[in-house]
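Structure record follows, encoded as structure tokens.
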Ligand SMILES: C[S@@+](CC[C@H](N)C(=O)[O-])C[C@H]1O[C@@H](n2cnc3c(N)ncnc32)[C@H](O)[C@@H]1O
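Residue numbers (the working numbering): 46 to 234.
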């Protein structure tokens, strides 16, 4: 059976993320991705997670503690666009994930935005190592979602093919705007 965009995002990360690597969860939310990444980076790797909602940090911290993985992740109550203030320009990132949109069952007015998402993507690509992957799962059914989806698509399409391979994965015959996945992989120099 074909994988959903969400499921496929994890498959794509599992293929590259290994113990000792660094990873980014750019939209922490309820912490599912942070937990997934923390498991993969092992004891010697690190996950850096961002969200603008206090509740997201709290929920994620609780999940990590319950799983015994809290030492593997650094949680930031600040926007992903500030990533450059937290990580040096030469810091190596192997995998990063964004779930764009709003947190289900939460304040629907708190959404990711094109300008800040773009800034964060640029900061991550600067640090992405060869064979590293930046993945975006774009939910776009809400007000403002289409603008962000357009930005991501345009940004991805403009990346130089000598440096990056970009994959687009989506179901094209489904109702209710299922999420669309983008995966940017840095090529070997
Ligand atoms: C679709 S949810 C993420 C779901 C999450 N991956 C999970 O496992 O539950 C989007 C999240 O992005 C967060 N967000 C909105 N603007 C942000 C920003 N500038 N930086 C980081 N997170 C942001 C929202 O607060 C929300 O929690």
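All residues carry an ideal CB built from backbone N, CA and C; glycine is no exception.
Just so you know, these numbers come straight off a predicted model, no measurement behind them.
Practice item. Decide if residue 73 is buried, meaning its Cβ has at least 16 other Cβ atoms within 10 Å, or exposed. Key: For this step, residue 73 is matched to residue 28 along the chain shown. Buried is the call here.
Exercise for review: State buried or exposed for residue 191, treating a residue as buried only when at least 16 other CB atoms are found within 10 Å of its CB.
Suggested key: In the chain shown, counting from the first residue as 1, residue 191 sits at position 146. Exposed is the call here.
Review point. So, are the CB atoms of residue 85 and residue 105 less than 9 Å apart?
Key: Residue numbering aside, residue 85 sits at position 40 when the chain shown is read from its first letter. Residue numbering aside, residue 105 sits at position 60 when the chain shown is read from its first letter. Going by C-beta atoms, residue 85 is not nearer than 9 Å to residue 105.
Check your understanding: Heavy atom of ligand 1 less than 8 Å from the Cβ of residue 77, yes or no?
Key -> Counting from one through the chain shown, the residue named residue 77 turns up at place 32. The answer is yes for residue 77.
Check your understanding: Cβ-heavy atom distance between residue 96 and ligand 1 below 8 Å?
Key -> Against the chain shown, residue 96 aligns to sequence position 51. Ligand 1 approaches residue 96 closely enough that one of its heavy atoms is under 8 Å from the residue's Cβ.
Exercise for review: Assign residue 151 to one of three DSSP states: helix, strand, or coil.
Suggested key: Counting from 1 along the chain shown, the entry for residue 151 is found at position 106. Three-state result, residue 151: coil.
**Study point:** Rounded straight-line distance, which links the Cα of residue 153 to that of residue 139
**Key:** Taking the first residue of the chain shown as position 1, residue 139 is located at position 94. Taking the first residue of the chain shown as position 1, residue 153 is located at position 108. Going from the Cα of residue 139 to the Cα of residue 153 covers about 31 Å.
Practice item. With DSSP as the reference, label residue 244 as helix, strand or coil. Key: Examination of residue 244 is not possible in this model, given that the chain is present from 46 through 234 alone.
Check your understanding: For the candidate residues 100, 233, 113, 214, whose alpha-carbon lies nearest to that of residue 47?
Key -> Locating residue 47 in the chain shown gives position 2, counting from the first residue. When each option's Cα is compared against that of residue 47, the closest is 214.
Exercise for review: Could you tell me whether any non-hydrogen atom of ligand 1 is closer than 8 Å to the CB of residue 50?
Suggested key: Along the chain shown, one-based indexing puts residue 50 at 5. Every heavy atom of ligand 1 is 8 Å or more from the Cβ of residue 50, so no.
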